[in-house]
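Structure first, commentary second.
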Amino acid sequence: MKYILFSITVLIVFSCSDKKQGLKGETEWQREKNAIYKDASVSPLKPDDLKNFKGLDFFKEDSLFVVGAYLERTPDSEWFNMKTTDDRLSKERVYGILKFQINGNPYQLNVYQGEENMQTEGYEDYLFLPFLDNTNGDTSYGGGRYIDLRIPKGDTIVIDFNKAYNPLCVYNEKYSCPIVPRINYLNTEIKAGMKKFK
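Read in my numbering, the sequence shown has 131 at position 131, and its numbers run on one by one without any break.
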């Protein structure tokens, strides 16, 4: 899927250049994101927004939102068409269910595998984790956020909500972005990752 490939590819390109540019950001990941969005050759921002771009807004890094999750694989799950912000349908399947705790409270999220990624070199083990939470529409984007994951060797995986990012269509409607399935709603505030774009 184009939105996924863009996100991962540009991170690799800029992983070594963020410090040189002196961009704001509390963590290396935040500085990498700001480097991407500032560069006109790869930025998803519209020209007017890029002209005034000073940096993305992030929640403060918080180790509370770095959680170890148990991955319950669902090998027999059926492929389905995930709706997007335009007419495109993204062929996905539930790769598994992630079960974890935040502040002692149990939660779970479906994690998805895209058919197109499975056939793209370098992305065969990519997993897509979209989610909704109680910050949506207030301090974070109303349509939810995404996290990139990779298939682990075992049955545990680390979810770092500090790396939750906005769909690209938040910045420019030319992008086609999957709509977060309602089943992936967390009844709590995930005050981590990207804030809404102003």
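For each residue, glycine too, the CB sits at the ideal point set by N, CA and C.
Item, Value
"Can you list, in chain order, the stretches of the alpha helix (DSSP H) that have 4 or more residues and sit fully within the segment 95–142?", "115–118"
"If you draw a straight line from the C-alpha of Tyr146 to the C-alpha of Gly154, how long is it?", "23 Å"
"For Phe131, which of Leu64, Glu26 and Ala192 has the nearest alpha-carbon?", "Ala192"
"Mapping the DSSP letters down to three states, classify Ala192 as helix, strand or coil.", "coil"
"Would DSSP call Glu72 helix, strand or coil?", "strand"
"On the criterion of 16 or more Cβ atoms from any shown chain inside 10 Å, does Met118 qualify as buried, or is it exposed?", "exposed"
"Return helix, strand or coil for Pro178, following the three-state DSSP convention.", "strand"
"Anyone know if the C-beta pair for Ile183 and Ala164 falls short of 8 Å?", "no"
"Using the beta-carbon count (16 or more within 10 Å), is Asp133 buried or exposed?", "buried"
"Residue range of the beta strand (DSSP E) that Leu149 falls in?", "Arg145 to Arg150"
"Nearest-angstrom Cα distance between Tyr185 and Gly137?", "13 Å"
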